[in-house]
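For the sequence shown, numbering that gives the first Met the number 0 assigns the number 0 to the initial residue and increments by one for each residue that follows. By construction, the Cβ of each residue, glycine as well, lies at the ideal position given by its N, Cα and C atoms.
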Amino acid sequence: MNQTLPLSPTGEIWQRQAERVVQQHWPRGALYVVATPIGNLGDIGLRAWHALAHADVIAAEDTRATRTLCEAWGIGTPLIAAHRHNEATAAEAICARLEAGERVALVSDAGAPAVSDPGARVVRAVRERGLPVIPIPGPSAVITALMGSGVTTDENPAFAFAGFAPPKSTARVRWLKQWSSLPAPVVFFESPHRLRATVGDLRDVCGPARRLTIARELTKRFEEIATVALGEAVAWLDGDGHREQGEFVLILHAAPVLSAATDDEDALATSGTWNRDALLDALLSRLSVRDAARVAADITGLSRDALYRQALSRKAAGEADAEEQN
């Protein structure tokens, strides 16, 4: 697509917005937690650029990766290491810098620091000292994958983020059973060399009909986002030799629920114990029977009347147990 831009990035509009960012409040002695591009270096924001360019030092998960970003954007700020293996000592050094009035920018290799990446320990240490923490939002692999999948809705925007799946199969299966029982899409990361094994475990745990979105190389040239049934996922991987390469975000779609119009008690029993027992018990600990049934119906799509009867039964059982213990 050949199209002339009305203004180049160094033109009048860009310059005017950059000047506005510079004039904003940038306190000294503050930790700036900066989200950086997850692949496409063009995704850096003006506030992120300014925070990195005008910090006294950048604390980076990998100084080599961050140096590439800095060189691309003409940022000459000194770099120090703050990664998973030195985070405790790095946190102390960063706090000392902040107490001396310096601005410190904290970054991970890509995306948001402290979100399934190093940085949370530094943020906690800084906050415990009563020093300011200023998050600079930006690219996120989790949100990018959700945006490209269409798996959530306005009516039910809920999702869960589970981080990286365990590397060993036994632990991974146990982990997948836990997360796959949630009544919401589950987003997690996986490495290329474990992708096929994880897809196989997902199929075994959830069944071949459950839907999975595979998002790879997000924001990069070979970005690909595909939604397939778990029974077809291996065939999809086999369809292109490149599909097991790159960085992956997986979204396990929520288990399908029965129509809200059904009033069949047997349907409740076959919908899984997580929504019949655990969900109702959790809601009943905070809500009335009527409200618990209403919320459970909204989450699961099951009949409110049937859930109301089930909630009454769960509440009575709980009260009986409490009397026996007394």
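N-terminal and C-terminal residue of the alpha helix (DSSP H) that residue 89 is part of: 86-98
Just how far apart, CA to CA, sit residue 330 and residue 32? For the chain, the structure presents residues 0 to 325; residue 330 sits outside this window and is missing.
Three-state secondary structure (DSSP) at residue 70? helix
Go through its chain and collect everything with a Cβ distance to residue 75's Cβ below 6 Å, but skip five positions before and after it. none
DSSP on residue 161, reduced to helix/strand/coil? strand
Identify whether residue 81 lies in helix, strand or coil by the three-state DSSP scheme. coil
Assuming residue 197 is part of the alpha helix (DSSP H), what are its boundary residues? 194-205
Could I get the ranges of all uninterrupted beta strand (DSSP E) runs contained in the region 115-193, with 3 residues as the minimum, in chain order? 132-135, 159-163 and 185-189
Excluding the five sequence neighbours on either side, which residues of its own chain have a C-beta within less than 6 Å of the C-beta of residue 141, listed in chain order? 160 and 186
In the DSSP assignment, what are the bridge partners of residue 110? 35
Candidates 93, 84 and 57: which alpha carbon is nearest residue 78's? 57
Where residue 23 and residue 178 are concerned, what is the direct C-alpha to C-alpha distance, given to the nearest angstrom? 42 Å
Within 10 angstroms of the Cβ of residue 214, are there 16 or more other Cβ atoms? Answer buried if so, exposed if not. buried
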